[in-house]
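S.K.:
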Amino acid sequence: KELMGLAVASQIPCQYCIYFHTLAAKANGASDEEIKEAVAMAAIVRHWSTMLNGSQVDLATFKKQTDDLFAAVKAKSQ
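Each residue of the sequence shown is one higher than the one before, starting from 11 at the first, in the working numbering.
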């Protein structure tokens, strides 16, 4: 849960929260790699949110395409 807190804190951004959640994550066993990954995921989410919103991608179309993608992946794995 602290990795989620760190990801959110990285995007707010809140230096106090970043410091706290980094220490709390490490105290709960998170590795440096896991901490970097949480921050990277936060950055990726913000990037794509900016791209999709800025490009005014239709939400219904996005949902259908995403649902179709996950259905195809699931079907292929079975």
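For each residue, glycine too, the CB sits at the ideal point set by N, CA and C.
Determine the burial state of His31: buried for a count of at least 16 other Cβ atoms within 10 Å of its Cβ, exposed for fewer.
M.R.: Residue numbering aside, residue 31 sits at position 21 when the sequence shown is read from its first letter. When all chains shown are included, His31 counts as buried.
S.K.: Contact defined as beta carbons within less than 8 Å: I believe Ala79 pairs with Ile45. What is the distance between those atoms, to the nearest angstrom?
M.R.: Taking the first residue of the sequence shown as position 1, residue 79 is located at position 69. Taking the first residue of the sequence shown as position 1, residue 45 is located at position 35. It should be pointed out that residue 79 corresponds to Leu in this sequence rather than to Ala. Wrong, their Cβ atoms sit about 29 Å apart, outside the cutoff.
S.K.: I'd like to know whether the C-beta atoms of Gln21 and Ala52 end up nearer to each other than 8 Å.
M.R.: The residue labelled residue 21 in the question sits at position 11 within the sequence shown. The residue labelled residue 52 in the question sits at position 42 within the sequence shown. Cβ distance < 8 Å, so Gln21 and Ala52 count as in contact.
S.K.: Does the Cβ of Glu12 have 16 or more other Cβ atoms within 10 Å, making it buried, or fewer, making it exposed?
M.R.: Here residue 12 refers to the residue found at position 2 when the sequence shown is read from its first residue. Counting Cβ neighbours within 10 Å, Glu12 comes out buried, since at least 16 surround it.
S.K.: Using the C-alpha atoms, what's the distance from Ile28 back to Asp42?
M.R.: Here residue 42 refers to the residue found at position 32 of the sequence shown. Here residue 28 refers to the residue found at position 18 of the sequence shown. In a straight line, the C-alpha of Asp42 is about 14 Å away from that of Ile28.
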